[in-house]
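Engineer:
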Amino acid sequence: MKRARIAYSGGVHDAVEENGLLRLNDGRLVSEDEVIWLPPVQPRTVFALGLNYADHAKELAFNAPEEPLVFLKGPNTFVGHKAETHRPDGVDYMHYECELAIVIGRKTRNVKRDDAYHYVEGYTIANDYAIRDYLENYYRPNLRVKNRDTCTPIGPWLTDREDIKDPMNIQIRTYINDQLTQEGTTKDMIFDIPALIEYLSSFMTLDKGDIILTGTPEGLKGVKAGDKVVTEIEGIGRLENMIVGDSKFNRKSKVDVKESTVNHN
95 MKRARIAYSG GVHDAVEENG LLRLNDGRLV SEDEVIWLPP VQPRTVFALG LNYADHAKEL
155 AFNAPEEPLV FLKGPNTFVG HKAETHRPDG VDYMHYECEL AIVIGRKTRN VKRDDAYHYV
215 EGYTIANDYA IRDYLENYYR PNLRVKNRDT CTPIGPWLTD REDIKDPMNI QIRTYINDQL
275 TQEGTTKDMI FDIPALIEYL SSFMTLDKGD IILTGTPEGL KGVKAGDKVV TEIEGIGRLE
335 NMIVGDSKFN RKSKVDVKES TVNHN
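Sequential numbering from 95 applies to the sequence shown in this note's numbering.
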């Protein structure tokens, strides 16, 4: 089953995919174009992997890590399907990162790799944009690289674990303005899904709703304002978003702040 969270007709709804439509939790059927897509999971702790594909590490001229390189992401980085991502006008190189996202289904600690999949609720797609201008070092991307508002579209669906027979052998693709620019497979991960869950749960508790972003394969290209970027993972879906520059982003931010002020008064 493919599940989503959407805003529609003044409310937030859980929904499931049904014959190309969305069935809301109140029973209504609506088209995908009628709704505002939200992240399919309300992010709790989000772990992101750096350099988890050997080919990606090579294209950045880094050695493949011997231990998972993990950093955390804040909740305001996430936006939904068909949302906008801000590209500051003054940067030289901002690129996409199509990533398989693992959603944890229940609280756990000290999981062994043979049991790891029992704690997975499902999978979704994340596009974890990075601005290389802001990178300080390869082993711990800093806040400006990976924790900017709107920098990580996620969704559109949370696909149930049982619907993906082998998550370690599925295709990953990215398109800029309908042109294929990245193609890889999850089987090329350095640390696979069971290894990541075993590693993280060995020193901290994982909770329901936690997310693990598993890294991206080679094939990075720069994006600019006006680009439509689609990240696709086999069996899970297609995540689309638009890149916007300072003028559009800042104008929208002022409107959002004004509406928030009115709603709280």
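Backbone N, C-alpha and C define an ideal beta-carbon position, used for all residues, glycine too.
Only a predicted model underlies this, so the values are computations on that prediction, with no experimental measurement involved.
Check K318 in the structure and name its three-state DSSP category.
Structural biologist: Against the sequence shown, residue 318 aligns to sequence position 224. Three-state DSSP puts K318 in coil, outside helix and strand.
Engineer: Do I219 and I287 have their CB atoms nearer than 7 Å?
Structural biologist: One-based indexing of the sequence shown puts residue 219 at position 125. One-based indexing of the sequence shown puts residue 287 at position 193. The answer is no: Cβ separation not under 7 Å.
Engineer: Helix or strand or just coil, what does DSSP make of N271?
Structural biologist: As a position in the sequence shown, residue 271 is number 177, starting the count at 1. Correct three-state label for N271: coil.
Engineer: Near A62, what residues of its chain come up, given a Cβ to Cβ distance below 7 Å and the 5 sequence neighbours on each side ignored?
Structural biologist: Because the chain spans 95 through 359 in this model, residue 62 falls outside it and cannot be assessed.
Engineer: Would you decide whether L333 is buried or exposed? Buried here means 16 or more other CB atoms lie within 10 Å of its CB.
Structural biologist: Position 239 of the sequence shown, counted from the start, is the residue given in the question as residue 333. L333 should be labelled buried.
Engineer: By how many angstroms is the C-alpha of T299 removed from the C-alpha of I291?
Structural biologist: In the sequence shown, counting from the first residue as 1, residue 291 sits at position 197. In the sequence shown, counting from the first residue as 1, residue 299 sits at position 205. Roughly 10 Å separates the two Cα atoms.
Engineer: Can you tell me which of the three DSSP states T139 falls into?
Structural biologist: Within the sequence shown, the letter at position 45 stands for residue 139. In this structure, T139 counts as coil in the three-state DSSP scheme.
Engineer: Going by DSSP, what residues sit across from H189 in a beta bridge?
Structural biologist: Start at 1 with the first residue of the sequence shown, and residue 189 comes out as number 95. DSSP, once it has assigned bridges, lists A224, G316 as partnering H189.
Engineer: Measure the CB-CB distance between S295 and V205 and report whether it falls below 7 Å.
Structural biologist: By 1-based counting over the sequence shown, the position of residue 295 is 201. By 1-based counting over the sequence shown, the position of residue 205 is 111. Taking 7 Å as the Cβ cut-off, S295 and V205 qualify as a contacting pair.
Engineer: Would T325 and N241 qualify as a contact pair, given that the criterion is a beta-carbon distance under 7 Å?
Structural biologist: One-based indexing of the sequence shown puts residue 325 at position 231. One-based indexing of the sequence shown puts residue 241 at position 147. No, they are not a contact pair.
Engineer: Could you tell me the alpha carbon to alpha carbon distance between N271 and F297, rounded to whole angstroms?
Structural biologist: Residue 271 sits at position 177 when you count from the first residue of the sequence shown. Residue 297 sits at position 203 when you count from the first residue of the sequence shown. Distance between the alpha carbons of N271 and F297 is about 42 Å.
Engineer: Per the contact definition of three or more C-beta pairs closer than 8 Å, is the region 251–270 in contact with the region 206–216?
Structural biologist: Output reads yes: the region 251–270 touches the region 206–216.
Engineer: Report all residues from its chain with a CB closer than 8 Å to the CB of K352; omit the five preceding and five following residues, and keep chain order.
Structural biologist: Here residue 352 refers to the residue found at position 258 of the sequence shown. Confidence at K352 is low in this model, with a pLDDT of 40, below 50, so its placement is unreliable and the value that follows should be read with caution. Excluding sequence neighbours, K352 sits near nothing in its chain.
Engineer: Buried or exposed: where does G309 fall if 16 or more other Cβ atoms within 10 Å of its Cβ makes it buried?
Structural biologist: Walking along the sequence shown from the start, residue 309 turns up at place 215. Buried, because 16 or more other Cβ atoms sit within 10 Å of the Cβ of G309.
Engineer: Assuming Y190 contacts Y223 (C-beta within less than 8 Å), just tell me the rounded distance between them.
Structural biologist: One-based indexing of the sequence shown puts residue 190 at position 96. One-based indexing of the sequence shown puts residue 223 at position 129. Y190 to Y223, Cβ: 6 Å. Contact.
Engineer: For E160, which three-state DSSP category applies?
Structural biologist: Numbered from its first residue, the sequence shown carries residue 160 at position 66. Coil, per DSSP.
Engineer: Write down the C-beta distance between V106 and R99 rounded to the nearest angstrom, noting that I regard them as a contact closer than 8 Å.
Structural biologist: As a position in the sequence shown, residue 106 is number 12, starting the count at 1. As a position in the sequence shown, residue 99 is number 5, starting the count at 1. The pair is a contact, with the Cβ atoms about 7 Å apart (cut-off 8 Å).
Engineer: Short check: CB of Y147 to CB of D282, under 7 Å?
Structural biologist: On the sequence shown, residue 147 is found 53 positions in, with the first residue counted as 1. On the sequence shown, residue 282 is found 188 positions in, with the first residue counted as 1. The answer is yes: Cβ separation under 7 Å.
Engineer: Tell me the DSSP secondary structure of H175 in three-state form.
Structural biologist: Here residue 175 refers to the residue found at position 81 of the sequence shown. If DSSP states are grouped into helix, strand and coil, H175 belongs with coil.
Engineer: Where does V356 fall in DSSP's three states?
Structural biologist: To locate residue 356, count along the sequence shown from 1; it is residue 262. Its pLDDT being 35, under 50, V356 is placed unreliably in this model, and the value from its coordinates should be taken loosely. It is helical.
Engineer: Tell me whether the beta-carbon of I306 lies closer than 7 Å to the beta-carbon of A158.
Structural biologist: Sequence index remark: in the sequence shown, residue 306 carries index 212 (1-based). Sequence index remark: in the sequence shown, residue 158 carries index 64 (1-based). Result no, Cβ atoms of I306 and A158 do not sit closer than 7 Å.
Engineer: So, with DSSP's three-state summary, where would you put L145?
Structural biologist: Taking the sequence shown and counting its residues from 1, one reaches residue 145 at position 51. Correct three-state label for L145: coil.
Engineer: Where does the unbroken beta strand (DSSP E) through V205 begin, and where does it stop?
Structural biologist: Residue numbering aside, residue 205 sits at position 111 when the sequence shown is read from its first letter. Per DSSP, V205 belongs to no beta strand (DSSP E) and is neither H nor E.
Engineer: From what residue to what residue does the beta strand (DSSP E) around L300 run?
Structural biologist: Taking the first residue of the sequence shown as position 1, residue 300 is located at position 206. Unbroken run through L300: none, as it is neither H nor E.
Engineer: Under DSSP, the alpha helix (DSSP H) around R238 begins and ends at which residues?
Structural biologist: One-based indexing of the sequence shown puts residue 238 at position 144. Start and end: 237–240.
Engineer: State the start and end residues of the unbroken beta strand (DSSP E) segment that holds Y211.
Structural biologist: Stepping through the sequence shown from its first residue, residue 211 is reached at position 117. Looking at the DSSP string, Y211 is not in any beta strand (DSSP E), and its letter there is neither H nor E.
Engineer: If I measure Cβ to Cβ from D227 and keep anything under 7 Å in the same chain, skipping five residues before and after, which residues do I get?
Structural biologist: Residue mapping note: residue 227 aligns to position 133 of the sequence shown, counting from 1. The residues are V185, D186, Y187.
Engineer: Measuring straight from C-alpha to C-alpha, what distance separates I266 and G278?
Structural biologist: To locate residue 266, count along the sequence shown from 1; it is residue 172. To locate residue 278, count along the sequence shown from 1; it is residue 184. If I take the Cα positions, the gap works out to 5 Å.
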